[in-house]
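There are 2 protein chains.
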Amino acid sequence: MSKSDLEIAQECVLEPIEKVAAKIGIPSDCLEHYGKYKAKLSFDFIKELENKEMGKLVLVTAINPTKAGEGKSTTTVGLGDALNQIGKKSMMALREPSLGPVFGLKGGAAGGGYAQVVPMEDINLHFTGDMHAITTANNLVCAMIDNHIHQGNELNIDPEKITFKRCLDMNDRTLRDITIGQGSKANGVERKDGFNITVASEVMAALCLASDLMDLKKRFGEMLVAYTYEDKPVYIKDLKCEGAMAMVMKDAILPNIVQTLEHNPVLIHGGPFANIAHGCNSVIATKACLRLADYTVTEAGFGADLGAEKFLDIKCRLADLHPNAVVIVATVRALKQHGGVAYEDLKEENVQALLDGCQNLAKHIDTIQQFGLPYVVAINQFVSDTDKEIEALENWCKENGHPMSLSTVWANGGKGAIDLANKVVELCEKENTYAPLYDVNKSIEEKITTIAQKVYGADGVEFTEEAKAQIETFNKNGWDKLPICMAKTQMSLSDNGSVMGRPTGFKITVRELRPSLGAGFIVALTGKVLTMPGLPKHPSALDMDIDENGKITGLF
Amino acid sequence: MSKSDLEIAQECVLEPIEKVAAKIGIPSDCLEHYGKYKAKLSFDFIKELENKEMGKLVLVTAINPTKAGEGKSTTTVGLGDALNQIGKKSMMALREPSLGPVFGLKGGAAGGGYAQVVPMEDINLHFTGDMHAITTANNLVCAMIDNHIHQGNELNIDPEKITFKRCLDMNDRTLRDITIGQGSKANGVERKDGFNITVASEVMAALCLASDLMDLKKRFGEMLVAYTYEDKPVYIKDLKCEGAMAMVMKDAILPNIVQTLEHNPVLIHGGPFANIAHGCNSVIATKACLRLADYTVTEAGFGADLGAEKFLDIKCRLADLHPNAVVIVATVRALKQHGGVAYEDLKEENVQALLDGCQNLAKHIDTIQQFGLPYVVAINQFVSDTDKEIEALENWCKENGHPMSLSTVWANGGKGAIDLANKVVELCEKENTYAPLYDVNKSIEEKITTIAQKVYGADGVEFTEEAKAQIETFNKNGWDKLPICMAKTQMSLSDNGSVMGRPTGFKITVRELRPSLGAGFIVALTGKVLTMPGLPKHPSALDMDIDENGKITGLF
Chain A
1 MSKSDLEIAQ ECVLEPIEKV AAKIGIPSDC LEHYGKYKAK LSFDFIKELE
51 NKEMGKLVLV TAINPTKAGE GKSTTTVGLG DALNQIGKKS MMALREPSLG
101 PVFGLKGGAA GGGYAQVVPM EDINLHFTGD MHAITTANNL VCAMIDNHIH
151 QGNELNIDPE KITFKRCLDM NDRTLRDITI GQGSKANGVE RKDGFNITVA
201 SEVMAALCLA SDLMDLKKRF GEMLVAYTYE DKPVYIKDLK CEGAMAMVMK
251 DAILPNIVQT LEHNPVLIHG GPFANIAHGC NSVIATKACL RLADYTVTEA
301 GFGADLGAEK FLDIKCRLAD LHPNAVVIVA TVRALKQHGG VAYEDLKEEN
351 VQALLDGCQN LAKHIDTIQQ FGLPYVVAIN QFVSDTDKEI EALENWCKEN
401 GHPMSLSTVW ANGGKGAIDL ANKVVELCEK ENTYAPLYDV NKSIEEKITT
451 IAQKVYGADG VEFTEEAKAQ IETFNKNGWD KLPICMAKTQ MSLSDNGSVM
501 GRPTGFKITV RELRPSLGAG FIVALTGKVL TMPGLPKHPS ALDMDIDENG
551 KITGLF
Chain B
1 MSKSDLEIAQ ECVLEPIEKV AAKIGIPSDC LEHYGKYKAK LSFDFIKELE
51 NKEMGKLVLV TAINPTKAGE GKSTTTVGLG DALNQIGKKS MMALREPSLG
101 PVFGLKGGAA GGGYAQVVPM EDINLHFTGD MHAITTANNL VCAMIDNHIH
151 QGNELNIDPE KITFKRCLDM NDRTLRDITI GQGSKANGVE RKDGFNITVA
201 SEVMAALCLA SDLMDLKKRF GEMLVAYTYE DKPVYIKDLK CEGAMAMVMK
251 DAILPNIVQT LEHNPVLIHG GPFANIAHGC NSVIATKACL RLADYTVTEA
301 GFGADLGAEK FLDIKCRLAD LHPNAVVIVA TVRALKQHGG VAYEDLKEEN
351 VQALLDGCQN LAKHIDTIQQ FGLPYVVAIN QFVSDTDKEI EALENWCKEN
401 GHPMSLSTVW ANGGKGAIDL ANKVVELCEK ENTYAPLYDV NKSIEEKITT
451 IAQKVYGADG VEFTEEAKAQ IETFNKNGWD KLPICMAKTQ MSLSDNGSVM
501 GRPTGFKITV RELRPSLGAG FIVALTGKVL TMPGLPKHPS ALDMDIDENG
551 KITGLF
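Order-wise, the sequence lines are chains A and B. First residue of the first sequence: 1, per the UniProt record's numbering; consecutive thereafter. First residue of the second sequence: 1, per the UniProt record's numbering; consecutive thereafter.
Here it is in C-alpha cells:
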C-alpha cells in the first residue's frame, strides 16, 4: 500500500495502443499515434461513427467532497475495468488533467492506486497537446482584440469593457490582475487585463460541448469578447478569427485514446472547470465511446449538486444524450466530515458522525431521483476506514432502501468493483424517466431558483443589484434562453463552504452572471471564483526530476 | 507558378514517415509517431547513435537579405533533395517555425515552392508541441520566482531586478511591457514584467545547444533569473526547478523527422531567434543527421554576418562540430538593393546596381574564407530575374574566382540544384582549416571587436557606459569566458539597417549585454531588439479557415 500512484503506473507494462483500440473495434489506420501508447481517433473515423447506435451511459458522481476528493475518477476507471472483467464491452470517458496544477499541490487526475489510466506521466504533462492548442486559440483572440484597437479600432471597442481574458496552463497568481500595453505607443493601448488558467477558458468549455469542428467554429464566432463604447456586444465573429481558431483546434478536437492498468480503452478528452464551466469531458468523446462500446462510464466534476446537475441539465440536454444509470461515490471520510468531524480528525473512527453525515448522501440521492434516474451508492473504501464504519454505512443504505456496493478499486483494480459492475448492468436494464430539471425558455431567475430549490435544498435565491442589472442586459441581448451553469462551492450544498451535511432553511446569493455564449450557457456566480490558481509554499515542482534514462520522479 | 506554397504542399502525396525514416536507416520502432507523417526519434535511438561516425556538414548561409528573405530554407531543402538525386545519402537539419508569426504576415518557414518540407500545415501549427513545452518550462520558472517572493522571499530577490521574462508563442505587442501582481495581496507582489515570444526565450537557445537531457537540465540550472537586493545573482538552480523543467522538456528534446516534397528525410528541431540567440536548429538534430547520413545540409538564420558567424563561433565550437562546406545564397533582388535600388523597384532590371551590390556578397565570401572554409555561391533564381542580370552575376563570380551555381529549386525542386549538389560534394572532399575566429578566453571587448572587424568590416566598437558597467559585472561574476552572440540588424553589415552594400570606415556601438548563461553565451546588443512581435493591420489570421473535411486555407 506504500507505493505511489506514479510507481504503480511505472510498473505497468503497457500494451501498444493499436492493440487496446482493436479490442473495441477501432482499426489501426483510424488512429493518429502520439508515441506508442497514446493516439487520437482520426477525423474520418469520428465521422464514420456518426450513424452508429449508442450503448448505455453510466455517470459517476459523488457527495460533497473533502478537500482531498472522494475518488470519482478512480471509481470510474475501476468500474470500467470491472465491466470488462464481467464480459461487458466497456469504455471510459474522462477529463483531461490540466498541467498547471501538477506543479502545485494536486497531482495526477487519471485515477489512483490500481485504478489508473496510463501512461500517467504523459497524461499529466503535455499529453497530446490539446491544452496548448486551447491556450493558443484563446490567446490569438486576445492578440486580435488588442491589435484591432491598436490599428484604429474600427469596431469601436471600449478597452475598459473587454471580457475575454488571456490564458495559460500554469498556476500563476501574479497573472490574475495585470496591466498590459504599457511603455511606448508601439506597444498598443494600455488597459487592465488578466489571465485565466486554460481549463477555465470558454474555448475549453466550447470544445467540450461541440458536436464537430464546424460546430466548434460556429461556437467560437458566437463568443462575446467585449462591448463597444455604446455598450453593443462584440463577438469573435466581428473580429473574424473563428476560422483561424478552428484551424488551430483541428487536432485538439479529436478524442485521445489511452488504456487503464488493465489495458482497457479509455477516451480522455477535454477538461473544463466544474464551477464557471460544466466540468465534463467532451461530447465528442462521450458519443464516440457510446458508439463503440456497450457500456460507457463517465464522470462529472465535484459533487452531484454541481457535476451531475450540469451533466444532466447542460451536457445531456445540449448533446441529446440519455443516461441509463448513476453511481454516487461516497466515502466514510467525507460522510464523517458532513457529520461534524474536522478534516484533521477524519482518520479516527466515529460511527455516529458517519451516520449523521449520511444526510448529505441522502440529498444527492434525492437529486438523482428527481432527474428520473436509477442509481447505486458506491462506497469507495480507504485504508483508514474501520469495519464498524463500513458496516454502519452499509446498514444505513439497506435501511433506507438505497442500492449500494463496496468498492475497493484503489487497492484491487477492476476486481474491487465486480459487484458494483453487476449492479450497474442491472440498473441499465431498467427504463428510466430522465429529463432535465428546467425548461431553458423559463426566465434566468426561474431556472436558477429551480436548481437551488431542487438540487441544493435551498428556500430560494437572492440576486444582488449587479446580478439583476446583468439579467436585464442578457434579456435585452437575447441571451436568456440558455441553460444555467452554477458556480458554487463544491464543499457544501449551500453557497457557504463550511456548512456541512444537508442544510435547510437557507438561501443562496447570485452575485454575478457571465454569458458563455460560445459554450452555450449562462454562468451564475454565487461567490468569488478563482479562475487562476496559485502555487503553494512548497510547490510539487521542487521535488520533480527526470534522470538520464528519462525516468520521472516526484510527479504525484 | 501561380500556386501557393500551401497548394503545392497539399498536392503532395506524403509517404508514411516510417518509410522515409527507413531510407536513412532508422528502424520503425525507434520512431515516436505524431500522426502518420511526423515522428520524433526515440530517446534510446538518439543514445545509440552517440558513438557513430559523422558524415559531411554543409552550412547554407546568405548575403544580407531584403525584408522578404533570400531563400536559405528553400535552398537547403532543394540542395538536400538534389544530393539525394545524385545518389548521396543526405539529410537536412532545419529550424522549427514559430506559430505566433504565422498569424501575422510571415508564413511558412519550411521552404517554398517545390523545395518544401511537409506536412506544411502541421509544421507551421503545433507540429509536435516543442514550442509549447518550451513555453511551459519558461513560464514555470516565472511562476516559481513570483511564488517564491510571495511566500516569504527567502532568497531575498529584488522584484525590480528580475531578468527572466514570461513567454508566449504569439505576436502580441501588448504583452511587451506589463505590470503583474496587481489587485489584492493574494495576487502576489506587484512588479513590472513582460513577455517574449517563445522562440526568443533562453530555454529555446539552451535546448538548441544542449548535448542531451542531462546537459539541458544543467543549463537550466545555470540560467540567471534575477539579482538579490545586494546584487547577488540568482540562478534557476537556487529556485530548484531545473528538474521539473527538464521533465517538461522530455519529449521536446527529441528531434522531429518529416519529409521533403521528394520524400527525403529532414530533421526539424529547435528554432531560436537569430539576434538575441544563435539562430540554428538543435545540436542534437544536427549530430543525429551527421551520424545517419553522409551529407547533412543545415542553415543558420539571417545573413552570414550573423547566422554563419554564430554557427561557426558558437554552435560548432560548443558542439565540437567541423563543417565541410558553406553555400552562400545570393539573389539578384538583394544584390540590387545593396547596389542602391529601393525595395519597391527591385522588379526592374538593373545590371549596374546588381554589380555594385556584389560588394556585399564579396564581404560574406571573405568572412567564410577567414573561417577557413570552402564555399560556393548559390544564385537563388526568382521569376523576376532577367537573363542579363543572371549572366552579369555569373560573370562577376567567374571574374573574381568564386565557385558559383544557379539554383532553381523553388520552381524545380531538387533537380534545380543538381549542379550545386555536385559542387558541394567536390568542396566536401577538400581539407579545410576551419577554426572559430576568436579565443573565448579573451576579454569580452576583444571578442566583440574581433567579430566587428573581421566579419562586419568595421573599424572598431564603441561601448556605451551601460555596456561598460555590465562588462564589469560580468567579469566580476565570472561570466566573461563565453562566446559572444551578436544582436545586430540583419539588413546591413553595419549596425544601421539602412546602410547597404559593403560599408567601410564605420564603428558599431554595443549598447547592452545580456548573460545567457544557460545557453552558454553573452548577448551583445547593438540596438533595440524586439523580442515580442506585433500583428499587422491585416493579420493573416483573418484569412485562415478550415472546412468540414479538415482542409486548411489561408496558411502561407
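Glycine residues also receive a C-beta, built at the ideal position from the N, C-alpha and C atoms. All values reported here derive from a predicted model rather than from experimental measurement.
Item to check | Where His269 of chain A meets chain B, residues with beta-carbon distance less than 9 Å | outcome: The premise fails here: His269 of chain A is roughly 16 Å from chain B at the closest Cβ pair, so nothing lies under 9 Å.
Checklist entry - Taking Cβ to Cβ, would you say Tyr37 of chain B is nearer than 8 Å to Val258 of chain B? => result yes
Checklist entry - Do the segment 8-27 of chain B and the segment 115-129 of chain B make contact, defined as three or more Cβ pairs closer than 8 Å? => result yes
Next on the checklist: Does the CB of Ala246 of chain B have a neighbour CB from chain A at under 8 Å?
Outcome noted: Contact with chain A is found for Ala246 of chain B, since one of that chain's Cβ atoms lies less than 8 Å from the residue's Cβ.
Item to check | Range of the contiguous alpha helix (DSSP H) that encloses Gly243 of chain B | outcome: Glu242 to Val248
Next on the checklist: In the DSSP output, what is Arg191 of chain B paired with across the bridge?
Outcome noted: For Arg191 of chain B, which the question treats as bridged, DSSP gives the partners B:Ile180.
Next on the checklist: For the segment 173-189 of chain A, list every residue whose C-beta sits within 9 Å of some C-beta in chain B, in sequence order.
Outcome noted: Listed by position, the residues of the segment 173-189 of chain A near chain B (Cβ gap below 9 Å) are Arg173, Thr174, Leu175, Arg176, Asp177, Ile178, Thr179, Ile180, Gly181, Gln182, Gly183, Ser184, Ala186, Asn187, Gly188 and Val189.
Checklist entry - Taking the alpha helix (DSSP H) that Cys142 of chain A falls in, what are its first and last residues? => result Asp130 to His150
Checklist entry - Which same chain residues, not among the five before or five after Cys142 of chain A, have their C-beta less than 6 Å away from its C-beta? => result Cβ within range, chain order: Arg166.
Checklist entry - Counting only beta-carbon atoms, is Met404 of chain A nearer than 8 Å to chain B? => result Taking CB atoms only, Met404 of chain A has no neighbour in chain B less than 8 Å away.
Checklist entry - Quick one: complete beta strand (DSSP E) runs, 3+ long, within the segment 469-497 of chain A? => result 484-487
Checklist entry - At which residue ranges does the segment 372-452 of chain A contain complete beta strand (DSSP E) runs of 3 or more residues, listed in the order of the chain? => result 375-380 and 404-407, all fully within the segment 372-452 of chain A.
Next on the checklist: I'd like to know if Thr198 of chain A contacts chain B, where contact means its C-beta is closer than 8 Å to some C-beta of that chain.
Outcome noted: no
Item to check | Spatial neighbours of Ser407 of chain A in its chain, beta-carbon cut-off 7 Å, leaving aside the 5 residues before and after | outcome: The residues are Thr75, Gly78, Ala378, Ile379, Asn380, Gln381, Gly416, Ala417 and Leu420.
Checklist entry - Under a three-way DSSP split, which group does Gly80 of chain A fall into? => result Of the three classes helix, strand and coil, the one that applies to Gly80 of chain A here is helix, per DSSP.
Next on the checklist: Counting only beta-carbon separations shorter than 8 Å, does Met170 of chain A have a partner in chain B?
Outcome noted: yes
Checklist entry - Hey, Leu306 of chain B and Leu335 of chain B are a contact pair by Cβ (cut 8 Å); roughly how many whole angstroms apart? => result So it is not a contact: roughly 18 Å between Cβ atoms.
Item to check | Segment contact flag, the segment 473-484 of chain B with the segment 516-527 of chain B, C-beta cutoff 8 Å, min 3 pairs | outcome: yes
Checklist entry - Which residues in chain B sit within 7 Å of Met544 of chain A, going by Cβ to Cβ distance? => result Gly243, Ala244 and Met247
Checklist entry - Relative to the alpha-carbon of Thr66 of chain A, which residue among A:Lys537, A:Val266, A:Gly339 and A:Trp396 has its alpha-carbon at the smallest distance? => result A:Gly339
Item to check | Same chain only: Cβ atoms within 8 Å of Val266 of chain A, ignoring 5 sequence neighbours per side | outcome: For Val266 of chain A, where only same-chain residues beyond five positions count, the Cβ hits under 8 Å are Val77, Gly80, Met91, Met92, Ala93, Leu94, Val117, Ile257, Val258, Gln259 and Thr260.
Checklist entry - Applying the criterion that 16 or more other CB atoms from any shown protein chain within 10 Å of the CB defines a buried residue, is Ala62 of chain A buried or exposed? => result buried
Checklist entry - Which chain A residues are close to Ala133 of chain B, counting only those with a beta carbon under 7 Å from its beta carbon? => result His126
Item to check | Same chain, Cβ closer than 6 Å to Arg502 of chain A, neighbours up to 5 away in sequence not counted | outcome: Gln359, Asn360 and Lys363
Next on the checklist: Among A:Asn64, A:Ala304, A:Lys19 and A:Tyr235, whose alpha-carbon lies nearest the alpha-carbon of Ser498 of chain A?
Outcome noted: Residue A:Asn64 holds the alpha-carbon nearest to the alpha-carbon of Ser498 of chain A among A:Asn64, A:Ala304, A:Lys19 and A:Tyr235.
Checklist entry - Residue range of the beta strand (DSSP E) that Phe463 of chain A falls in? => result Gly460 to Phe463
Next on the checklist: Going by DSSP in three states, Val499 of chain A sits in which element: helix, strand or coil?
Outcome noted: coil
Next on the checklist: Please return the same chain residues whose Cβ sits closer than 7 Å to the Cβ of Cys241 of chain A, not counting the five positions on each side in sequence.
Outcome noted: Excluding its 5 nearest sequence neighbours in each direction, Cys241 of chain A has C-beta neighbours in its own chain below 7 Å: Leu140, Val141 and Met144, listed in chain order.
Item to check | Given Glu18 of chain B as reference, the closest of B:Ser4, B:Lys3, B:Tyr34 and B:Asp5 once Cα atoms are compared | outcome: The shortest Cα separation from Glu18 of chain B among B:Ser4, B:Lys3, B:Tyr34 and B:Asp5 belongs to B:Tyr34.
Next on the checklist: Between the alpha carbons of Cys280 of chain B and Ile268 of chain A, how many angstroms are there, rounded?
Outcome noted: Looking at the two C-alpha atoms, the distance is approximately 37 Å.
Item to check | Rounded straight-line distance, which links the Cα of Glu48 of chain B to that of Arg173 of chain B | outcome: 44 Å
Checklist entry - In three-state DSSP terms, what is Ile365 of chain B? => result helix
Checklist entry - According to DSSP, is Ala200 of chain B helix, strand or coil? => result helix
Next on the checklist: Strictly under 8 Å for the Cβ-Cβ distance: is Thr136 of chain B near chain A by that measure?
Outcome noted: With 8 Å as the cut-off, Thr136 of chain B counts as an interface residue toward chain A.
Checklist entry - To the nearest angstrom, how far is it from the Cα of Lys430 of chain A to the Cα of Asn324 of chain A? => result 8 Å
Item to check | Where Tyr235 of chain B meets chain A, residues with beta-carbon distance less than 9 Å | outcome: Within 9 Å Cβ-Cβ: nothing; Tyr235 of chain B doesn't reach chain A, min ~15 Å.
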